[in-house]
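Just so we're aligned, residue 2 is where the sequence shown starts under my numbering, counting upward by one. Beta carbons are placed, not taken as given, at the ideal position from N, Cα and C, and that holds for glycine. Predicted, not measured: the structure shown is a model, and the values here were computed from it. Take a look at the structure below.
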Amino acid sequence: MRLTLASLLFAVPALAQALSSPDGQLQVDVSVNDQQQLVYTVQRAGQPVLLASRLGLVLAQGDFANGLKLVATSPVKAHREQYTLAAGKKRQVSVHANEQRFTVANAAGQRMTVTLRAANDGLALRYTVDGAGRKTFKDELTSFAFPADARAWLQPMSVAKTGWKRTNPSYEEHYLTDIPVGTAAPSHAGWVFPALFRAGANWVALTEAGMDGRFHASRLASDSTGGTYRIGLPEASEVNTGGHLLADVNGPLTTPWRVLAIGPLKTVMESTLGTDLAAPAIAFDHRKLQPGHASWSWAILKDDATVFDVQKRFIDYAADMGWNYTLVDADWDRKIGDAKMKELADYAKTKGVGLLAWYNSSGAWNDTEYSPKNALLTKAARAREFARVKAIGIQGLKVDFFGGDGASSIAYYVDILKETAAAGLLLNFHGATLPRGWSRTYPQLMTVEAVKGFEFATFEQKDQDKVPGHAAMLPFTRNLFDPMDFTPVVFHEIPNIKRATRNGFELAQSVLFLSGIQHYAETPEGMATVPAYVKTFMRELPRAWDEVRFLGGEPGRWVAIARRAGQQWFVAGLNADDTPREVKLDLAWLGQREGQLITDGAGPREFAEAKLAAPAATLTLAPKGGFVARFR
């Protein structure tokens with residue numbers, strides 16, 4: 002006999018309450034099925050979003066997936082909080098959700114609690130197994146069963162220890178777009194978060210949040226037969242040398258939140274669930290918390306440019322553009338050295354520019370040789386290194402080449418996050434996992450790569466040719482909740498590569514892509530080729546955003562987004578298709594304001610300037626082109 006919440010409501014009124022979002026649009030039903038398994042379904046506005054999907058954990062010390070009975074249901078309580086994001090789609094975030102706990106017992110009498118939180122923009126759930134003693138994770142049964150006609154936009158997870166110098170996985174694959182649910186993953190490694198789906202009128206973005214360093218990171222498993230996706234686990238090699246793979250704790254075990262942003266595409270695109278479910282911010286010196294923009298030589302000029310004279314020129318470039326930072330990349334310790342780096346940092350300070358420096362996180366888990374390497378592997382070593390860079394005058398670090406998603410790797414990330422916060426250093430992770438809301442908890446985490454970024458489009462033409470569609474995917478997926486170091490914007494040429502995008506497309510990325518520090522790929526010489534009004538736009542672009550409005554788009558094809566900074570609004574859009582696209586913009590909230598419009602000129606390396614008037618506008622975007630508009 003199926004035991005539903007509705008039947009419990011009559012049998013044991015004190016133990017059963019249906020869970021819905023504050024606006025009543027989202028409904029979640031939790032039950033124990035005939036096989037004594039815990040399942041849930043999700044509807045929005047009366048339409049099915051998820052069909053019956055599994056819940057449950059398996060620990061070495063107890064099976065919480067089978068032989069279950071529902072023994073307690075808490076009253077629904079309102080969850081409210083407010084928080085600030087140093088770098089995100091909104092600065093001030095208000096959270097309003099309904100929360101309920103469901104406790105099950107297995108055949109041995111052991112108990113597990115599932116906490117569900119329903120908000121107007123989606124749902125989150127996590128598991129807790131209380132009590133003393135060891136809790137050794139073995140498996141998770143959480144699944145997401147989509148209707149048969151649902152569609153998916155997914156990035157394959159790369160197979161661990163493949164790729165250049167065995168550096169995978171780094172979340173650096175191209176997306177498969179608009180595929181039927183149930184499509185087999187290209188490999189056993191599965192699919193990365195965030196994962197995007199459309200079920201009827203509703204969209205769903207799946208991810209996780211609340212990673213405190215005690216749990217491994219998850220993904221979607223490769224097998225999604227029938228449109229049912231399951232939480233997948235990292236591969237055995239995704240660990241720091243000698244470290245453990247899966248969660249193994251003493252005392253209570255609490256999993257990360259499984260997060261589902263749900264609703265019309267506008268609701269999902271404006272959602273902050275990925276940071277709403279992260280832990281509150283730890284202490285950090287707010288005088289040092291300065292989001293902004295950076296010059297960076299390596300994107301175009303590569304390894305040979307990491308020398309004193311070139312870096313000094315890029316400091317001058319940042320100062321001329323009004324940007325906050327210059328990033329000195331790999332091998333600075335060998336090619337420049339501490340004394341000359343201090344000279345650079347001192348010089349940069351006179352120009353109002355902060356210096357950032359690259360580090361190799363890795364020990365023996367990959368074959369990278371760039372240095373400083375092996376310098377961050379222990380707490381004592383990190384303390385020495387952070388003191389060293391602070392003495393030089395470096396304000397932040399870019400840490401590269403991590404080992405994967407195993408629990409020991411995640412613990413390593415969290416150690417670095419906590420210790421750079423204590424040291425007052427800004428942070429950028431590269432060759433890294435998805436940050437999963439860390440930028441809320443650790444406000445000095447300015448950005449993270451975890452994307453097939455611009456650098457790949459400078460190595461091979463095949464990757465360059467995919468840039469338009471790839472860039473049009475990222476606001477809907479990778480950059481949906483977390484800052485992303487794509488390193489955008491090139492107006493001139495790329496050595497030995499034919500650039501696929503027009504200049505309007507490149508400029509649009511400066512507004513569309515969110516990063517606490519936006520590292521621009523363009524060189525001083527390339528920037529000198531653009532009109533003065535484009536250079537002024539790049540100089541005056543805000544360093545952080547207060548509000549977002551999704552104006553329209555289709556993942557992988559086109560997107561238009563508006564962002565507010567103070568009293569100014571910036572609107573940007575791009576078209577990844579090979580044909581022109583007419584875009585209608587609803588700008589009613591701007592009243593009768595008139596803004597500056599910058600879009601593509603006659604040629605692919607040209608711009609055009611005009612006026613854009615609210616409350617509505619229609620633009621024709623060139624193939625692989627784009628636009629920005631500024632309303633003061």
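Item: Could you pull the start and end residues of the beta strand (DSSP E) that M485 belongs to?; Value: Counting along the chain, M485 falls outside any beta strand (DSSP E), and DSSP gives it neither H nor E.
Item: Which runs of the beta strand (DSSP E) at least 3 residues long sit entirely within the segment 121 to 203? Give them in chain order.; Value: 123 to 130, 135 to 141, 144 to 146, 152 to 155, 177 to 181, 196 to 200
Item: Let me know if G252 comes out buried or exposed under the rule of 16 or more other beta-carbons within 10 Å of its beta-carbon.; Value: exposed
Item: CA-CA distance, A295 and P489?; Value: 11 Å
Item: Go ahead and label L6 buried or exposed: buried means 16 or more other beta carbons lie within 10 angstroms of its beta carbon, across all protein chains shown.; Value: Unreliable positioning characterises L6 in this predicted model, as indicated by a pLDDT of 35, which lies under 50. A coordinate reading is not provided.
Item: Checking the sheet assignment: what are the DSSP bridge partners for L207?; Value: A196, L261
Item: Bridge partners of G1, per DSSP?; Value: No answer is possible for residue 1: the residues shown for the chain start at 2 and end at 633.
Item: Is P235 helix, strand or coil by DSSP?; Value: coil
Item: Which residues bound the beta strand (DSSP E) around W559?; Value: 559 to 566
Item: Taking DSSP as the reference, what is the three-state secondary structure of Q593?; Value: coil
Item: Can we say the segment 81 to 95 touches the segment 439 to 455, given the rule of at least three CB pairs closer than 8 Å?; Value: yes
Item: Using a 10 Å radius around the Cβ and a threshold of 16 neighbouring Cβ atoms, would you call K136 buried or exposed?; Value: buried
Item: Going by beta-carbon coordinates alone, are L446 and L475 separated by less than 9 Å?; Value: no
Item: Let me know the beta strand (DSSP E) ranges lying completely inside the segment 401 to 433, each 3 residues or longer, listed in chain order.; Value: 427 to 430
Item: Could you compute how far the alpha carbon of G164 sits from the alpha carbon of Q93?; Value: 40 Å
Item: Can you tell me which of the three DSSP states I395 falls into?; Value: strand
Item: Can you check the segment 509 to 555 for any beta strand (DSSP E) of at least 3 residues that lies completely inside it and give the ranges in chain order?; Value: 518 to 521, 548 to 555
Item: What are the start and end residues of the beta strand (DSSP E) that includes G470?; Value: From DSSP, G470 is part of no beta strand (DSSP E) but of the alpha helix (DSSP H) over 468 to 474.
Item: What do you get for A346, buried or exposed, if any count of 16 or more other CB atoms within 10 angstroms of its CB means buried?; Value: buried
Item: A589 and G627: beta carbons closer than 9 Å?; Value: no
Item: Please check the pair K91 and V549, which I expect to be a contact at CB under 8 Å, by giving their CB distance rounded to whole angstroms.; Value: 6 Å
Item: If you reduce the DSSP assignment to three classes, tell me which class A634 lands in.; Value: For the chain, the structure presents residues 2 to 633; residue 634 sits outside this window and is missing.
Item: Is DSSP giving V1 helix, strand or coil here?; Value: Only positions 2 to 633 of the chain appear in the structure, and residue 1 is not among them; the question remains open.
Item: If you draw a straight line from the alpha carbon of T580 to that of T184, how long is it in whole angstroms?; Value: 28 Å
Item: Taking the DSSP output, what are the residues bridged to A320?; Value: The partner list for A320 (beta bridge, DSSP) is empty, contrary to what the question assumes.
Item: Might you give, ordered along the chain, the residues of its own chain that have their beta carbon closer than 8 Å to the beta carbon of R389, omitting 5 neighbours on each side?; Value: D339
Item: Applying the 10 Å Cβ sphere with the 16-neighbour rule, what's the burial state of G592?; Value: exposed
Item: Is it buried or exposed, T74, if we count other Cβ atoms within 10 angstroms and call 16 or more buried?; Value: buried
Item: Report the CB separation of P292 from A119 in whole angstroms; it is logged as a contact under 8 Å.; Value: Not really, about 32 Å apart at Cβ, beyond 8 Å.
Item: Which first and last residues belong to the beta strand (DSSP E) in which T327 is found?; Value: 326 to 329
Item: Taking the CB atoms as reference points, tell me whether H471 and G557 lie closer together than 9 Å.; Value: yes
Item: Whole angstroms is fine: what's the gap from S511's alpha carbon to P170's?; Value: 27 Å
Item: My understanding is that W154 touches L197, with C-beta atoms under 8 Å, so please give their C-beta distance in whole angstroms.; Value: 4 Å
Item: Let me check understanding here. Comparing Cα to Cα, which of N34, D317, R152 lies closest to Y230?; Value: R152
Item: When the Cα atoms are used, what is the spatial distance from V629 to V130?; Value: 50 Å
Item: With contact counted as at least three CB pairs below 8 Å, one residue from each stretch, are the segment 104 to 115 and the segment 225 to 242 in contact?; Value: no
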